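In UniProt numbering, the protein residues as written are 1 to 551.
Positions of the beta carbon are idealized from the N, C-alpha and C atoms, including for glycine.
Predicted model only: the values in this text are computed from it and were never measured.
Presented below is the structure to which this report refers.
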Amino acid sequence: MPPRLVTRLAAVALRLPPTRSRPVRVTRDLPVRARDGVVLRTDHYAPKVRDAPTVLIRTPYGRGGPLRLLGRLLAARGRHAVIQSCRGTGGSGGTFAPLVHERDDGLDTLDWLRRQPWWSGQLGMFGVSYQGFAQWALAADAGEELRAMVAVVTASATRDSTYAGESFALDTVLTWAELLHAQTVPWLARQRELKRGQPRLAAALEHLPLMDADRVATGVTIPFFQEWLRHHNPEAGYWRNRVFADRVPLVRAPVVMVTGWHDIFLPAQLDDHATLRAAGAEPRLVIGPWTHGSPGLFVAALREGLSWLDEHLLATPPAGRPSRAAAPVRLYVGGPGGGWRDLPDWPPPAVETAWHLHAGGELAVRQPVPSAPDEFRYDPADPTPSLGGPLLVAKRAGPVDNRHVEARPDVLTYTSAPLTGPVEVIGPVRAEIHVRSELPHLDVYVRLCDVDRQGRSWNVCDGLVRVTPERFPASGALRVPVSLWPTAYRFAAGHRLRVQVAGGAHPRWARNPGTGEPLGTAVTLRAGWRQILHDPAHPSAVLLPIIHSGR
Numbered sequence: 001m002p003p004r005l006v007t008r009l010a011a012v013a014l015r016l017p018p019t020r021s022r023p024v025r026v027t028r029d030l031p032v033r034a035r036d037g038v039v040l041r042t043d044h045y046a047p048k049v050r051d052a053p054t055v056l057i058r059t060p061y062g063r064g065g066p067l068r069l070l071g072r073l074l075a076a077r078g079r080h081a082v083i084q085s086c087r088g089t090g091g092s093g094g095t096f097a098p099l100v101h102e103r104d105d106g107l108d109t110l111d112w113l114r115r116q117p118w119w120s121g122q123l124g125m126f127g128v129s130y131q132g133f134a135q136w137a138l139a140a141d142a143g144e145e146l147r148a149m150v151a152v153v154t155a156s157a158t159r160d161s162t163y164a165g166e167s168f169a170l171d172t173v174l175t176w177a178e179l180l181h182a183q184t185v186p187w188l189a190r191q192r193e194l195k196r197g198q199p200r201l202a203a204a205l206e207h208l209p210l211m212d213a214d215r216v217a218t219g220v221t222i223p224f225f226q227e228w229l230r231h232h233n234p235e236a237g238y239w240r241n242r243v244f245a246d247r248v249p250l251v252r253a254p255v256v257m258v259t260g261w262h263d264i265f266l267p268a269q270l271d272d273h274a275t276l277r278a279a280g281a282e283p284r285l286v287i288g289p290w291t292h293g294s295p296g297l298f299v300a301a302l303r304e305g306l307s308w309l310d311e312h313l314l315a316t317p318p319a320g321r322p323s324r325a326a327a328p329v330r331l332y333v334g335g336p337g338g339g340w341r342d343l344p345d346w347p348p349p350a351v352e353t354a355w356h357l358h359a360g361g362e363l364a365v366r367q368p369v370p371s372a373p374d375e376f377r378y379d380p381a382d383p384t385p386s387l388g389g390p391l392l393v394a395k396r397a398g399p400v401d402n403r404h405v406e407a408r409p410d411v412l413t414y415t416s417a418p419l420t421g422p423v424e425v426i427g428p429v430r431a432e433i434h435v436r437s438e439l440p441h442l443d444v445y446v447r448l449c450d451v452d453r454q455g456r457s458w459n460v461c462d463g464l465v466r467v468t469p470e471r472f473p474a475s476g477a478l479r480v481p482v483s484l485w486p487t488a489y490r491f492a493a494g495h496r497l498r499v500q501v502a503g504g505a506h507p508r509w510a511r512n513p514g515t516g517e518p519l520g521t522a523v524t525l526r527a528g529w530r531q532i533l534h535d536p537a538h539p540s541a542v543l544l545p546i547i548h549s550g551r
């Protein structure tokens, strides 16, 4: 099928904003030379339009597949699409070191663009996940030529996502390392591994010490995986030139952010949104019922992104063209009776309401009363498993029925009475858990669920905090604040709220060995008892931003 027809059919199937389709000329494997001589392989999709703006995409995932389609869609809409493989990937020279070279390589690519005869001086950028990080690495230094950004499930800084709660996002990091390595193996061998269910990766996620897990998963040592195990301290200088959050306020280009409630970078992306708003910018934010790699996210990103570029990257802006009427924030409220909402800002005004943990596994808004603590024993040799939620692999992520894990003896649950009316929660969610432990090293995991009329328990959001004597120096009962993923969810009448409290969620987070051994070399596993307190002096609770309540 001719590429031009494929592009037209794709635009119709994806219900993209209408535009006049143009012929596209494609030049592949252009050599763009970085300042240190490394050649960055680049594809150029050129429209037959004078003074057309340029959209840059820098990626470590190859330049084929969906990116090839995106390049044609952009060019057919009158944009020069420039798709470049990051160094060490997709035929580009050098060695891929995540987060290290993207600023300099991005600036060198911008210099190359300026020397092209078709350069108009107008630049846009588009990127999903790591591609979006490459945008933030360049954005503050791109000057007034940068006219628009499309940032999809991404953030300017990945350090806090890697060590959420100061634990280690094992599933995300190791799965990503395996995915990058898989791009270097023969296609047929990769397909066999996928068909077998990736047993090597599954074994690696269970392996100790973690410093050997990359070799178990891939057969080779992956330098960045080893480095991230070593440099996990929040003050580690290693991360200073690998995060760009302090540069976000300097970005003046209009930004549209597209993400999902079960995305691995959601809290960090919302931090970027808050930073832009505080700097006086007016970004657009779209949050849907998506995971990091869900097909619905891809479609939404194309629709939102192309529409955003149409508005802000016009070769010849029509006189008096009105600004788009879309609301600054559009989000999907999950749960029965939810759906899409338009808001003036994030987060919306809400009443933070404490739902307290009570004896007998009860969850209620009334104040706590004197009660004995609840106990459970966490054993890292049989770690509490993670189910669904924000994961890198879409088919394992998102809402799932939690009854299987809730039946374990190392998971405490606190459940409300059936709601007499709907309760709508939109905004940041946090918990305060009072815990006493026989071990000074432990994790506190909290998950909020919606229990439907059939008794199924669907995860809404969650979070984990790693407790160490350095971070929590007090003895006895500890008050542990836990930041859960933000959410927008409507708990229907007749449903019940449920809060889980556990000692981990493996392999989403690396298990806590209970010994204080270093992250990468720990092999000794020590089990221990935990007490969750919920008396008036220790009011354990989850705090929900409630928009509407009919409980």
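Per DSSP, residue i forms a beta bridge with which residues?
i    : result
R530 : F376 and S437
D263 : D263 pairs with nothing; no bridge assigned.
D450 : W458 and L497
V32  : L40
R466 : D443
P385 : H506
P545 : E352
W340 : Y332
Q84  : T42 and R58
M149 : M125 and V255
A488 : I426
P536 : According to DSSP, which records beta bridges pairwise, P536 is partnered with nothing at all.
D51  : None, per the DSSP bridge assignment.
L363 : L357
R25  : A46
Y414 : V499
Below 8 Å between beta carbons: does that hold for residue i and residue j?
i    : j    : result
F376 : L343 : no
V501 : I532 : yes
P422 : A510 : no
L419 : R490 : no
T415 : L331 : no
R103 : L138 : yes
G334 : A204 : no
V24  : R72  : yes
A46  : H80  : yes
R303 : R15  : yes
F265 : A97  : no
W228 : D263 : no
P234 : G520 : no
V369 : W355 : no
P486 : P428 : yes
V38  : P31  : no
Using a Cβ-Cβ cut-off of 6 Å (strictly less than) and excluding sequence neighbours within five positions of residue i, which residues of its own chain qualify?
i    : result
F126 : V55, I57, V150 and G305
L285 : M257, H273, V329 and W346
A327 : D342
P254 : A148 and H312
L170 : P507 and A510
V248 : S156, D272 and T275
T27  : H44
E166 : R466
H207 : A213 and V216
A245 : S156 and A157
V251 : A139 and A140
Residues in the same chain with beta-carbon distance under 7 Å from residue i, minus the five sequence neighbours each way, listed in chain order, please.
i    : result
R430 : P481, V482, S483, L484 and L543
P349 : none
S457 : D401, N402, R403, E406, C449, V451 and R498
P513 : P380, A522, T524, L525 and R526
Q454 : none
S437 : G528 and R530
L107 : L138 and D141
Decide if residue i is buried, meaning its Cβ has at least 16 other Cβ atoms within 10 Å, or exposed.
i    : result
P322 : Residue placement at P322 is flagged as unreliable, the pLDDT there being 36, under the threshold of 50; a coordinate-derived value is accordingly withheld.
G197 : exposed
Q367 : exposed
G320 : Any answer about G320 is weak, because its pLDDT of 37 lies below 50 and its placement is not dependable; what the coordinates show is given next. Exposed, by the Cβ-count rule.
D382 : exposed
L99  : buried
Under 8 Å Cβ to Cβ from residue i, same chain only, skipping five residues before and after it: list those, please.
i    : result
P318 : With a pLDDT of only 39 at P318, under the threshold of 50, the placement of this residue in the model should not be trusted; the figure read from the coordinates follows. Counting only Cβ-Cβ distances below 8 Å, and skipping sequence neighbours, we find nothing.
E517 : V523 and T524
T316 : Interpretation of T316 is limited by its pLDDT of 44, a score under 50 that renders its predicted location unreliable; the figure taken from the coordinates is listed afterwards. These residues qualify, in order along the chain: D51.
Would you say residue i reaches chain D, if we count a Cβ-Cβ gap shorter than 8 Å as a contact?
i    : result
A204 : Here there is only one protein chain, and chain D is not present.
Is the closest heavy atom of the ligand GDP to the C-beta of residue i under 7 Å?
i    : result
A245 : You won't find the ligand GDP in this model; it holds no ligand whatsoever.
Task: Cβ contact (3+ pairs, closer than 8 Å) linking the segment 441-461 and the segment 497-508 - done: Touching, yes.
Open item on the list: Under 8 Å, with one C-beta from each stretch per pair, do the segment 72-92 and the segment 155-164 reach the 3-pair mark?
Closed with: Pairwise C-beta distances place the segment 72-92 out of contact with the segment 155-164, as fewer than three of them are shorter than 8 Å.
- [ ] Would you be able to state if there are at least three C-beta pairs under 8 Å between the segment 208-219 and the segment 171-178?
- [x] In short, these stretches touch, since the Cβ pair count reaches three.
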